[in-house]
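A.B. asks: This is the structure I want to talk about, given as structure tokens.
There are 2 protein chains.
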Amino acid sequence: MPRSGAEARRRLQQAALELYREQGFDQTTTAEIAARAGLNERTYFRHFPDKREVLFDSEADLREALTQAVAEASDGLQPLEILRHACRKAARILEANRPFSEPRQEVIAATPALRERELAKAASLTAALAQALRQRGVADRLAVLAAEAGWAAFHRAAGDWLAGSAQSLDDCVQQAFDDLRALSATAGPQR
Amino acid sequence: MPRSGAEARRRLQQAALELYREQGFDQTTTAEIAARAGLNERTYFRHFPDKREVLFDSEADLREALTQAVAEASDGLQPLEILRHACRKAARILEANRPFSEPRQEVIAATPALRERELAKAASLTAALAQALRQRGVADRLAVLAAEAGWAAFHRAAGDWLAGSAQSLDDCVQQAFDDLRALSATAGPQR
Numbered sequence: 001m002p003r004s005g006a007e008a009r010r011r012l013q014q015a016a017l018e019l020y021r022e023q024g025f026d027q028t029t030t031a032e033i034a035a036r037a038g039l040n041e042r043t044y045f046r047h048f049p050d051k052r053e054v055l056f057d058s059e060a061d062l063r064e065a066l067t068q069a070v071a072e073a074s075d076g077l078q079p080l081e082i083l084r085h086a087c088r089k090a091a092r093i094l095e096a097n098r099p100f101s102e103p104r105q106e107v108i109a110a111t112p113a114l115r116e117r118e119l120a121k122a123a124s125l126t127a128a129l130a131q132a133l134r135q136r137g138v139a140d141r142l143a144v145l146a147a148e149a150g151w152a153a154f155h156r157a158a159g160d161w162l163a164g165s166a167q168s169l170d171d172c173v174q175q176a177f178d179d180l181r182a183l184s185a186t187a188g189p190q191r
Numbered sequence: 001m002p003r004s005g006a007e008a009r010r011r012l013q014q015a016a017l018e019l020y021r022e023q024g025f026d027q028t029t030t031a032e033i034a035a036r037a038g039l040n041e042r043t044y045f046r047h048f049p050d051k052r053e054v055l056f057d058s059e060a061d062l063r064e065a066l067t068q069a070v071a072e073a074s075d076g077l078q079p080l081e082i083l084r085h086a087c088r089k090a091a092r093i094l095e096a097n098r099p100f101s102e103p104r105q106e107v108i109a110a111t112p113a114l115r116e117r118e119l120a121k122a123a124s125l126t127a128a129l130a131q132a133l134r135q136r137g138v139a140d141r142l143a144v145l146a147a148e149a150g151w152a153a154f155h156r157a158a159g160d161w162l163a164g165s166a167q168s169l170d171d172c173v174q175q176a177f178d179d180l181r182a183l184s185a186t187a188g189p190q191r
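Quick note, the sequences are listed as chains A and B, same order. Going by this note's numbering, the letters in the first sequence line up with residues 1 to 191, in that order. Going by this note's numbering, the letters in the second sequence line up with residues 1 to 191, in that order.
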């Protein structure tokens, strides 16, 4: 048996990812995941409430890192620059998880039930980011827009990086936020 | 019996919305929806594949209106201005549906299963918008970001308008796109 809860979680995640890739998400049971991890099913449910959540364990860390970095960003930054700073800091979590993240992303893209969960996580994460921006005094109507645009940039950066871009994740984040700014900044007035 | 398929769809949507509000989504069956609409359950499933889809019937029209307006926008516009134009055009669909849209949005916000479906629809719609931008020659990496930011603006505008803003929907759309531009445009260089 693994010595710690963290080790059990790690083994369950690895086992789930392997089985989802080998035989598909729908065909895999929690009992099989637990068995592959050398654990029993009760232990599985002590750590994860369902078959989907096991692939989203790092979301809580990511949310914590992002919202804390928003809170700690320098004064005087515009909302998107606060988010750029936060995404660069949080990128370290993705980098640490890369061997897991690549196959994970493939499984999610191929599995509607996991894609749905991913979208729900993204919505909850952008709501948390918007709230962190509001707590810094960003106006409510700007906070939500900024959080959604910033998350879109971070998501694209992670995708570019995982897709085998030769760039570092940090470069991908910088490029995505530069693109986001360029999208708006170069548009002349239309009204 | 209603004379046309369109009339049957409309009655099923209205019946579903009423029942979801009165007794909750989880407690409502497709048989009850059909009965309330004066139809049988087989007719329900001829029009909608499940209990969720009945509230998302206008998404296809919205997608069609948005992507067509992207294709037809003037030359020389930046991506976000193309999307501003498209959202202003598509706003007419929302305006025509307002008596249905307000209670619908309340039910969706209160029902996780419907919220999940709404997020999936939004993801599919932004993918279609990105594709429409690409077909106009917008670079792939800008197209996805622009579509997600533009959709965030449109979604906020619709929310402001439904929440009882004194403004017209068109004013809400303009304000949201102005805010989106201001988010980026006023940020000084950070690198």
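All residues carry an ideal CB built from backbone N, CA and C; glycine is no exception.
Contact between the stretch 24–37 of chain B and the stretch 57–66 of chain B is defined here as three or more beta-carbon pairs at a separation below 8 Å; is this criterion met?
C.D. replies: Flag = no, the stretch 24–37 of chain B and the stretch 57–66 of chain B do not touch.
A.B. asks: Shorter than 7 Å from the beta carbon of Ala-152/B to some beta carbon of chain A?
C.D. replies: Locating residue 152/B in the second sequence gives position 152, where the first residue counts as 1. With 7 Å as the cut-off, Ala-152/B counts as an interface residue toward chain A.
A.B. asks: Are Ala-153/A and Phe-177/A touching if we call contact CB-CB under 7 Å?
C.D. replies: Counting from 1 along the first sequence, the entry for residue 153/A is found at position 153. Counting from 1 along the first sequence, the entry for residue 177/A is found at position 177. Closer than 7 Å, so yes.
A.B. asks: Quick one: is Glu-148/B near chain A, going by C-beta distance under 7 Å?
C.D. replies: By 1-based counting over the second sequence, the position of residue 148/B is 148. Answer yes: the Cβ-Cβ gap between Glu-148/B and chain A drops below 7 Å somewhere.
A.B. asks: Could you check whether Leu-94/A and Ala-158/A sit closer than 7 Å to each other, using their CB atoms as the reference points?
C.D. replies: Numbered from 1 along the first sequence, position 158 holds the residue referred to as residue 158/A. Numbered from 1 along the first sequence, position 94 holds the residue referred to as residue 94/A. Yes. Within cutoff.
A.B. asks: How about Val-70/A and Ala-96/A: are their beta carbons less than 7 Å apart?
C.D. replies: One-based indexing of the first sequence puts residue 70/A at position 70. One-based indexing of the first sequence puts residue 96/A at position 96. No, the Cβ-Cβ distance between Val-70/A and Ala-96/A is not below 7 Å.
A.B. asks: For Arg-52/B and Leu-114/B, which I take to be in contact (beta-carbon distance under 8 Å), what is that distance rounded to the nearest angstrom?
C.D. replies: For the purposes of this step, residue 52/B is taken as residue 52 along the second sequence, with counting starting at 1. For the purposes of this step, residue 114/B is taken as residue 114 along the second sequence, with counting starting at 1. Contact flag correct, Cβ pair sits at about 6 Å.
A.B. asks: Determine the direct distance from the alpha carbon of Leu-80/A to that of Thr-67/A, and round the result to whole angstroms.
C.D. replies: On the first sequence, residue 67/A is found 67 positions in, with the first residue counted as 1. On the first sequence, residue 80/A is found 80 positions in, with the first residue counted as 1. The straight-line gap from Cα to Cα measures roughly 14 Å.
A.B. asks: Please check if any C-beta of chain A sits within less than 7 Å of the C-beta of Leu-129/B.
C.D. replies: On the second sequence, residue 129/B is found 129 positions in, with the first residue counted as 1. No, Leu-129/B lies away from the interface with chain A (no Cβ there is under 7 Å from its Cβ).
A.B. asks: Quick check on Arg-191/B: does DSSP put it in helix, strand or coil?
C.D. replies: As a working mapping, residue 191/B is identified with position 191 in the second sequence. Here the model assigns Arg-191/B a pLDDT of 44, short of 50, so the residue's position is not dependable, and the following value carries that caveat. Arg-191/B falls in the coil class under three-state DSSP.
A.B. asks: Could you name the residues of the same chain whose beta carbon sits closer than 7 Å to that of Arg-104/A, not counting the 5 residues immediately before and after it, in chain order?
C.D. replies: Translated into positions along the first sequence, residue 104/A becomes position 104. The residues are Leu-17, Leu-55.
A.B. asks: Using beta-carbon positions only, say whether Glu-41/A and Ala-31/A come within less than 7 Å of one another.
C.D. replies: The residue you call residue 41/A lines up with position 41 of the first sequence. The residue you call residue 31/A lines up with position 31 of the first sequence. For Glu-41/A and Ala-31/A, yes; Cβs fall inside 7 Å.
A.B. asks: Can you grab the Cα-Cα spacing for the pair Arg-134/A / Glu-7/B, in whole Å?
C.D. replies: The sequence position of residue 134/A within the first sequence is 134, counting from 1. The sequence position of residue 7/B within the second sequence is 7, counting from 1. The straight-line gap from Cα to Cα measures roughly 45 Å.
A.B. asks: Whole angstroms is fine: what's the gap from Gln-175/A's alpha carbon to Leu-142/B's?
C.D. replies: Working through the first sequence from its first residue, we reach residue 175/A at position 175. Working through the second sequence from its first residue, we reach residue 142/B at position 142. The alpha-carbon atoms of Gln-175/A and Leu-142/B are separated by roughly 11 Å.
A.B. asks: What does Pro-99/B touch in chain A if you count any residue whose Cβ is under 9 Å from its own?
C.D. replies: Your numbering for residue 99/B matches position 99 in the second sequence. Per Cβ cutoff of 9 Å: no residues; Pro-99/B is ~25 Å from chain A at best.
A.B. asks: With respect to 6 Å, is the separation between the Cβ of Arg-117/A and the closest non-hydrogen atom of the ligand ADP below this value?
C.D. replies: In the structure shown, the ligand ADP is absent, as is every other ligand, since no ligand is present at all.
A.B. asks: In chain order, what residues of the same chain have a beta carbon less than 7 Å from the beta carbon of Pro-189/A, not counting five sequence neighbours either side?
C.D. replies: Reading the first sequence from its first residue, position 189 is the one you call residue 189/A. Note that Pro-189/A scores 47 on pLDDT, short of 50, meaning its location in the model is unreliable; the coordinates nonetheless yield the value given after this. Closer than 7 Å at the Cβ level, and outside the excluded window around Pro-189/A, lies no residue.
A.B. asks: Alpha carbon to alpha carbon, how far is Phe-100/B from Glu-106/B? Give it in angstroms, no decimals.
C.D. replies: In the second sequence, the residue the question calls residue 106/B occupies position 106. In the second sequence, the residue the question calls residue 100/B occupies position 100. Near 11 Å, if we compare the C-alpha coordinates of Phe-100/B and Glu-106/B.
A.B. asks: Here's the rule I'm using: 16 or more other beta-carbon atoms within 10 Å means buried, otherwise exposed. How should Gly-150/B be labelled?
C.D. replies: Here the question's residue 150/B lines up with position 150 in the second sequence. Buried, since its Cβ has 16 or more Cβ neighbours within 10 Å.
A.B. asks: Report yes if the C-beta distance between Gln-27/A and Asp-57/A is below 7 Å; otherwise report no.
C.D. replies: For the purposes of this step, residue 27/A is taken as residue 27 along the first sequence, with counting starting at 1. For the purposes of this step, residue 57/A is taken as residue 57 along the first sequence, with counting starting at 1. No, Cβ-Cβ distance for Gln-27/A and Asp-57/A is not below 7 Å.
A.B. asks: Taking Cβ positions, are Phe-48/A and Thr-111/A nearer each other than 7 Å?
C.D. replies: The sequence position of residue 48/A within the first sequence is 48, counting from 1. The sequence position of residue 111/A within the first sequence is 111, counting from 1. Contact flag unset, no.
A.B. asks: If the cut is a Cβ gap below 8 Å, which residues of chain A does Leu-183/B touch?
C.D. replies: If you number the second sequence from 1, residue 183/B lands on position 183. Going along chain A in sequence order, the residues near Leu-183/B (Cβ under 8 Å) are Gln-78, Pro-79, Leu-80, Leu-142, Leu-145, Ala-146, Ala-149, Ser-184.
A.B. asks: Determine, using beta carbons only, whether Ala-8/A comes closer than 7 Å to chain B.
C.D. replies: Indexing the first sequence from 1 puts residue 8/A at position 8. No, Ala-8/A does not count as interfacial toward chain B.
A.B. asks: So what does DSSP say about Lys-51/A, is it helix, strand or coil?
C.D. replies: Sequence index remark: in the first sequence, residue 51/A carries index 51 (1-based). Coil, per DSSP.
A.B. asks: Spatial neighbours of Ala-147/B within its chain, please: CB distance less than 6 Å, with the 5 preceding and 5 following residues excluded, ordered by chain position.
C.D. replies: Taking the second sequence and counting its residues from 1, one reaches residue 147/B at position 147. Excluding residues within five positions, the ones whose Cβ falls inside 6 Å are Thr-126, Leu-129, Ala-130.
A.B. asks: Using only CA atoms, which one of Arg-136/B, Arg-46/B, Lys-121/B, Ile-82/B lies nearest to Ser-4/B?
C.D. replies: Residue numbering aside, residue 4/B sits at position 4 when the second sequence is read from its first letter. Nearest option by C-alpha distance: Arg-46/B.
A.B. asks: In whole angstroms, what is the alpha-carbon distance linking Leu-145/B and Arg-10/A?
C.D. replies: The residue given as residue 145/B occupies position 145 in the second sequence. The residue given as residue 10/A occupies position 10 in the first sequence. Those two C-alpha atoms are separated by around 33 Å.
A.B. asks: Determine the direct distance from the alpha carbon of Ala-91/A to that of Ala-15/B, and round the result to whole angstroms.
C.D. replies: For the purposes of this step, residue 15/B is taken as residue 15 along the second sequence, with counting starting at 1. For the purposes of this step, residue 91/A is taken as residue 91 along the first sequence, with counting starting at 1. Those two C-alpha atoms are separated by around 47 Å.
A.B. asks: Please compile the residues from chain B whose C-beta is within a distance smaller than 7 Å of the C-beta of Asp-179/A.
C.D. replies: Within the first sequence, residue 179/A is the residue found at index 179, counting from 1. Here the neighbours are Arg-141, Leu-142, Leu-145.
A.B. asks: With a cut-off of 7 Å, does the C-beta of Arg-136/A fall near any C-beta of chain B?
C.D. replies: Taking the first sequence and counting its residues from 1, one reaches residue 136/A at position 136. Output row for Arg-136/A: interface = no.
A.B. asks: Between Arg-192/B and Asp-170/B, how many whole angstroms is the CB-CB distance? I'm expecting something under 8 Å.
C.D. replies: Outside the shown range of chain B, which is 1 to 191, sits residue 192/B, and nothing can be said about it.
A.B. asks: Let me make sure I understand the geometry here. Which of Glu-59/B, Ala-182/B, Leu-77/B has the alpha-carbon closest to that of Val-138/B?
C.D. replies: Here the question's residue 138/B lines up with position 138 in the second sequence. Per the Cα distances, Leu-77/B.
A.B. asks: For chain B, is any of its Cβ atoms less than 7 Å away from the one on Ala-120/A?
C.D. replies: Position 120 of the first sequence, counted from the start, is the residue given in the question as residue 120/A. For Ala-120/A, the answer is yes, since a Cβ of chain B falls inside 7 Å of its Cβ.
A.B. asks: If contact means a Cβ-Cβ distance below 7 Å, which residues of the stretch 47–75 of chain B contact chain A?
C.D. replies: Residues: none.
A.B. asks: Less than 7 Å between the beta carbons of Ala-123/B and Leu-183/A, yes or no?
C.D. replies: In the second sequence, the residue the question calls residue 123/B occupies position 123. In the first sequence, the residue the question calls residue 183/A occupies position 183. No, these two residues do not count as a Cβ contact at 7 Å.
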